[in-house]
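**Student:**
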Amino acid sequence: MKAISAVRTKALNIGSIVKVADNSGAKIAKITGVKRGKSTKGRQIAAGIADHVKVSIKKGLREMKGQLLDAVVVRQKKEWRRLSGERISFEDNAVIIIKDEKGDPKGTQAKGPIAKEVAERWPAISKIAGAVAVSYTHLRAHETSLHLVCRLLLE
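Under numbering that gives the first Met the number 0, the letters of the sequence shown match residues 0 to 154, in that order.
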């Protein structure tokens, strides 16, 4: 797995409820584990941006509900610092469901922007993304790159 170019803040504990940001049929999921995660003795493991996690589907299509699937964290509310010094945060916590260990997404379209760190580590997910957050400090889930340019010019 490729290293990302940021100092990640691990903000999503086991049991966190997250949105599913693709069209796979799931709407809301609960994080049940972090794959390839490391922690110290006595500390509960947490996930950060671009981490591979196991999720349980809580709301969505009837046949998907209750399934345990693999996913990648693409947005988190808690800010993290990039090596350039800027701090990035999103409006919500979101994951994208993947079908295999290589990171091929189950859906065909991602809803909302994804972080640049996710695009670096998981290139298959960046192919279905609508927008990749490159240098904006706080992004809303419904914004596109056109909205971001307009909002930055107005602020």
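No residue lacks a Cβ here, since even glycine has one placed at the ideal position from N, Cα and C.
So, is G111 buried or exposed, given that buried needs 16 or more other C-beta atoms within 10 angstroms?
**Tutor:** G111 comes out buried.
**Student:** Bridge partners of I95, per DSSP?
**Tutor:** V71
**Student:** Might you give, ordered along the chain, the residues of its own chain that have their beta carbon closer than 7 Å to the beta carbon of I30, omitting 5 neighbours on each side?
**Tutor:** L11, I13, G14, S15, V17, A46, V52, V54
**Student:** When burial is assigned at 16 or more other CB atoms within 10 Å of the CB, is R74 buried or exposed?
**Tutor:** buried
**Student:** Under the DSSP definition of a beta bridge, which residues are partnered with P122?
**Tutor:** Paired residue(s): none; P122 is not in a bridge.
**Student:** Look up K18 in the DSSP assignment and say whether it is helix, strand or coil.
**Tutor:** strand
**Student:** Please state whether DSSP places K115 in a helix, a strand or coil.
**Tutor:** helix
**Student:** Based on DSSP bridge pairs, tell me the residues matched to I30.
**Tutor:** V54
**Student:** Am I right that I3 and A70 are in contact with their C-beta atoms under 8 Å? What's the rounded C-beta distance?
**Tutor:** Their Cβ separation, rounded to whole angstroms, is 17 Å, which puts I3 and A70 out of contact at 8 Å.
**Student:** Would A128 and D103 qualify as a contact pair, given that the criterion is a beta-carbon distance under 8 Å?
**Tutor:** Not closer than 8 Å, so no.
**Student:** In the DSSP assignment, find the unbroken beta strand (DSSP E) run with I48 in it and report its ends.
**Tutor:** Segment: none, I48 is in no beta strand (DSSP E) and carries neither H nor E.
**Student:** CB-CB under 6 Å to A114, same chain, minus the five flanking residues each way: which ones, in chain order?
**Tutor:** I48, A132
**Student:** For V94 and E100, I'd like the C-alpha separation in whole angstroms.
**Tutor:** 15 Å
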